[in-house]
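For the protein sequence lines, the chains are A and B, in the order given. Under our numbering, the first residue of the first sequence carries the number 1, and numbering increases by one thereafter. Under our numbering, the first residue of the second sequence carries the number 119, and numbering increases by one thereafter. In this text, a Cβ means the ideal position worked out from N, Cα and C, and glycines have one as well. Worksheet: the structure to be examined is printed underneath.
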Amino acid sequence: MSLRAILRKMSTTATSQIGPIEQTILSKLTTEFQPSFLQIHNDSYKHAHHAGLRGASNVTESHFRIDMVSDKFEGLNLPKRHRLVYALLDEEMKEKGVHALQMKLKTEKESQKKKEEI
Amino acid sequence: MFSRSLLSTTRILRTSAVRQQIINTSFVRLLSTETKEAIEKAVESAPVVLFMKGTPESPQCGFSRSTINILGQLGVDPEKFAAYNVLEDQELRDGIKEFSEWPTIPQLYVNKEFIGGCDIVTSMAQSGELTDLFVKNDVLVEDEE
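Have a look at this one:
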């Protein structure tokens, strides 16, 4: 991604374009996981026309990408971590039309390690 | 009924024939005993099983596409692989989510063990864990030479 694209992305994130579902996700995740890092990206525009969403009423808040660091993931394998988030956001997925969540869920230790590698 | 297609994309793997195999089980209700048994059969039908949207040749979702690409790039043996298209069967689509306690597709199983969806597969591929897992389970194609 070019620097300009990154800046543009940051500015769209910054301008209060957060929808009600994203707001709920943000507050649920913050309360439950007390993350030391949390970023939510709304990728719905990338998927608005795909087959799985044909006829769907919610196409503006259907796909989210969650990058989160929390020590609550300590000792849990990846499927277990993902299941915790899926369980927490069950209502959003089953009732509110959230179609997919992409997740990178790390513990503080793992995220430090990653930084050292870079 | 689930139809099974073997991983066979010419782009990424050697064989090109798509074989369809029907598992003779009919469904009654969501995660009824019958559904559960049919899914268990599907999970056991090959060492590596992917539940996906579309077929390996023609994935219908970006997450399914990128997962199948990773399996191909790592060299999963087509003889040891089966893919199930959940779009062909609503009961499978709903049932597999309950069965795996996982709300999204794709879903990867290796020797009946649930591994994860696209993100987990991607991150395990990047870290090398997925190759280790495949080697341990002896599901990669032998090196030609």
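{"Item": "Integer Cβ distance of S44 of chain A from V59 of chain A, believed to fall under 8 Å", "Value": "6 Å"}
{"Item": "Cβ distance (whole Å) where L258 of chain B is taken to contact D195 of chain B below 8 Å", "Value": "6 Å"}
{"Item": "Touch test, the region 15 to 25 of chain A against the region 46 to 55 of chain A, Cβ-Cβ under 8 Å, three pairs minimum", "Value": "no"}
{"Item": "Rounded distance between the beta-carbons of I188 of chain B and P177 of chain B, thought under 8 Å", "Value": "Rounded, the Cβ-Cβ distance is 12 Å, inconsistent with contact."}
{"Item": "Buried or exposed by the 16-neighbour rule on C-beta atoms within 10 Å, applied to N77 of chain A", "Value": "exposed"}
{"Item": "Distance between V69 of chain A and S111 of chain A (C-alpha atoms, nearest Å)", "Value": "7 Å"}
{"Item": "Minimum Cβ-Cβ distance from I140 of chain B to chain A less than 7 Å", "Value": "Low confidence applies to I140 of chain B: its pLDDT is 38, below 50, so where it sits in the model is not reliable, and the reading given next is rough at best. Answer no: the Cβ-Cβ gap between I140 of chain B and chain A never drops below 7 Å."}
{"Item": "One or two residues paired with A87 of chain A in a DSSP bridge", "Value": "None; A87 of chain A has no bridge partner."}
{"Item": "Through-space distance from E260 of chain B to L101 of chain A, alpha-carbon basis", "Value": "35 Å"}
{"Item": "Short Cβ contact (7 Å threshold) for N42 of chain A with F73 of chain A", "Value": "no"}
{"Item": "Any C-beta of chain B under 7 Å from that of F39 of chain A", "Value": "The residue you asked about is not Phe; residue 39 of chain A is Gln in the sequence shown. Not an interface residue."}
{"Item": "DSSP state of G55 of chain A mapped onto helix, strand, coil", "Value": "coil"}
{"Item": "Residue-chain proximity (L76 of chain A, chain B), Cβ-Cβ < 7 Å", "Value": "no"}
{"Item": "Secondary structure of G67 of chain B, DSSP reduced to three states", "Value": "The shown model of chain B, from 119 to 263, leaves out residue 67 of chain B, and the question about it has no answer."}
{"Item": "C-beta neighbour in chain B for A100 of chain A, strict 7 Å", "Value": "yes"}
{"Item": "Neighbourhood of R81 of chain A by C-beta, 6 Å cutoff - its chain only, sequence neighbours within 5 removed", "Value": "F73, L105"}
{"Item": "Residues bridged to P177 of chain B (per DSSP)", "Value": "B:G172"}
{"Item": "Interface flag, M103 of chain A vs chain B, CB-CB below 7 Å", "Value": "yes"}
{"Item": "Per DSSP, cross-strand counterpart(s) of R65 of chain A", "Value": "A:H41, A:Q102"}
{"Item": "V228 of chain B - partner residues in DSSP beta bridges", "Value": "B:V166, B:E231"}
{"Item": "Minimum Cβ-Cβ distance from P35 of chain A to chain B less than 7 Å", "Value": "no"}
{"Item": "Rounded C-alpha distance that separates L248 of chain B from S218 of chain B", "Value": "19 Å"}
{"Item": "For G172 of chain B, the nearest candidate out of B:E216, B:Q225, B:P221 (CA to CA)", "Value": "B:Q225"}
{"Item": "Interface residues of chain B facing Y45 of chain A [CB-CB closer than 8 Å]", "Value": "Residues of chain B passing the Cβ test: none, with the nearest at roughly 13 Å."}
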